[in-house]
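A short worksheet on the structure shown next.
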Amino acid sequence: MSASAVIQGDNAVTAIESVLANALLPDGRRAHVDLAGGRVAAIRAAAEPAGGTGVPVLDLAGALLLPGLCDGHLHLDKTLLGLPWVPHQAEPNRMSRIETDKKVLPNLPLKTAERAVNLIRRCVAQGSAHLRTHVDIDLESGLSKLEGVLEARARCAEFATVQIVAFPQSGVMRRPGTLALLDAAVGAGAALVGGIDPLEIDRDPKGQLDGIFAIAERRGVGLDIHLHEPGDMGLFNVQEICARTRAAGLQGKVTISHGFCLGDVPERKARAAAEAMAAAGVALVTHGAAGWALPPIAMLRQAGVTVFAGNDDIRDTWSPYGTGDVLARAALIGWRADFRRDDEVMIAYDLVTDAAARAMGIAEYGIKVGAPANFFTVAADCVPEAVAGHPPRQLVFHRGRIVAEDGAALDRPAVPGAGRAGRN
Ligand SMILES: [Zn+2]
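Residue numbers for the sequence shown follow the working numbering, beginning at 1 and rising by one.
This is the structure:
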């Protein structure tokens, strides 16, 4: 098939709009990738001519082309990006951080939407195509942070997808009225219901978990529950979450965020929890938190648990660290897990690509014909090199358009090869 050919199928007739020539694919092939309608129209051997009459061609010159990354755990509403440096103010415990948010965030000179746009663009510039963000829902701020993040998502719709978790950061049962707000948040656009430490924060695991699962069932959405609780306390709630997931028929739609307990109990207990999670289709998202044992990623995967990764806090009221680079996050997790061989480094890669897409319910993921054309390029010879060294992102594509170049998001998406200054 030549690059100017017309693709026919499903009653659609779409002309090839541009060609990414001489790409190195993750499987080592060199190929031309034809784009049409924001999707991959064809993947052709690089030995063929790259272009056809009048079709813009962008020569990738052998750069490694990888699928757009998935960041499975963010807090877009908390970031301080765009402001002058703000020193960390909270005491070193979770309750102080929760209370500090309430003092700091409402009084910032930049609104939630502006700061969230800044962080989305920072993530996009480093190859992320799909983001899952938790957004605080509490009695003081109601749905205002959600409204800010919804505005940011709309403004960045051509750059990335954003999945929102209605997150009861301050607790649920200890703050009567929160369940109704979570329900309203789902009605207003959140795709998942959140939860937090049902014992440690709420001292009422049955109340919190029954409440948030009831919303998920009624609204037909999934859940993503922050579980920082250590040891047997955390394991108790893992089992409670798995039991409710099965009872509600929500297999494949529930995530435990962090699950630190899985890393700090004897292997026998962690294995029993992993088997329960696999049987219930409950996924785990990790960010390789400092100060906690890393969950046993390889064991969890072997047991059949979908494990994925995200950045969590990025230059915000909870942590001054973070760049938005989820490939670097995968490398950090791989380093902490002591993944060295290529097959192990590929596990780190899976945490921010296929496994994350599966957990986040992103259909048609990956570089394949018919799938949305979401990619990025790096100077690397193979995927393990890209993960281990996470070199600068060169070009980022979303829905067939260039959305970032040389580490910066563009003002508006551009057609690859269509006479732009720079890499043509
Ligand atoms: Zn979090």
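By construction, the Cβ of each residue, glycine as well, lies at the ideal position given by its N, Cα and C atoms.
Scanning D354, R175, G189, A414 for the CA closest to the CA of G195 turns up R175.
Counting only beta-carbon distances shorter than 6 Å to the non-hydrogen atoms of ligand 1, the qualifying residues in chain order are H73, H75, H134, H226, S257, D312.
Assignment of A278 by DSSP, reduced to helix, strand and coil, places it in the helix class. Excluding five sequence positions before and after G370, the CB atoms of its chain that fall closer than 8 Å to its own CB belong to R39, V40, E364, given in chain order. By the neighbour-count criterion, in which a residue is buried when 16 or more other Cβ atoms sit within 10 angstroms of its Cβ, W318 is buried. Straight through space, the alpha carbons of A330 and R340 are spaced by roughly 13 Å. Comparing C-alpha distances from G211 to each of E229, T178, H228, P230 shows the shortest one belongs to T178.
When the alpha-carbon of T353 is set against those of P391, V403, F308, the nearest one is in F308.
Between D71 and L119, the C-beta spacing is not below 8 Å. Here V345 carries a helix assignment [DSSP, helix/strand/coil]. If you draw a 10 Å sphere on the C-beta of S96, you find fewer than 16 other C-beta atoms in it, and that means exposed.
C-alpha of D350 to C-alpha of A356: approximately 7 Å in a straight line. An exposed status is given to P92, since fewer than 16 other beta-carbon atoms sit within 10 Å of its beta-carbon. DSSP places R115 in the helix class (H, G or I) of the three-state scheme.
The three-state secondary structure of C382, taken from DSSP, is coil. According to the DSSP assignment, F397 belongs to the beta strand (DSSP E) that extends over 395 to 398. Within its own chain, the residues whose Cβ lies closer than 7 Å to the Cβ of F375, once the five positions on either side in sequence are excluded, are L65, L66, P67, G68, I367, F397, listed in chain order. Here K102 has E140 as same chain residues with Cβ atoms under 7 Å from its own Cβ, once five neighbours each way along the sequence are excluded.
If you draw a straight line from the Cα of L81 to the Cα of C156, it is about 16 Å long.
T133 and P295 have their C-alpha atoms some 21 Å from each other.
Taking the Cα positions, R301 is about 33 Å away from L146. Following the DSSP letters along the chain, one finds D232 inside the alpha helix (DSSP H) bounded by residues 231 to 248. Contact between T306 and A359 holds: their C-beta atoms lie close to 5 Å from each other, under 8 Å. Rounded to whole angstroms, the gap between the alpha carbons of I402 and A276 is 43 Å. By the C-beta density criterion, R153 is buried, having at least 16 other C-beta atoms within 10 angstroms.
Within the same chain, L35, G38, R39, V40, F397, R399, G400 come within 7 Å of A373 by CB-CB distance, once the 5 residues on both sides are set aside. Taking all protein chains in view, the Cβ of G281 is crowded by 16 or more other Cβ atoms within 10 Å, so the residue is classified as buried. Cβ neighbours of P205 within its own chain (closer than 8 Å, five residues either side excluded): P198, L199, F236, N237, E240. Using a Cβ distance threshold of 8 Å, V254 and G222 count as a contacting pair. Annotation for P391: V378, A379, A380 place their beta carbon closer than 7 Å to its own, counting only its chain and skipping 5 residues before and after. Spanning the alpha carbons of V326 and P84 requires a straight line of approximately 23 Å. Under the three-state reduction of DSSP, C123 is assigned to helix.
About 14 Å separates the beta carbons of V117 and I164, which is beyond the 8 Å limit, so they are not a contact pair.
As computed with DSSP, V415 is found in no beta bridge at all. Classified as exposed, Q251 has fewer than 16 neighbouring CB atoms from the shown chains inside 10 Å of its CB.
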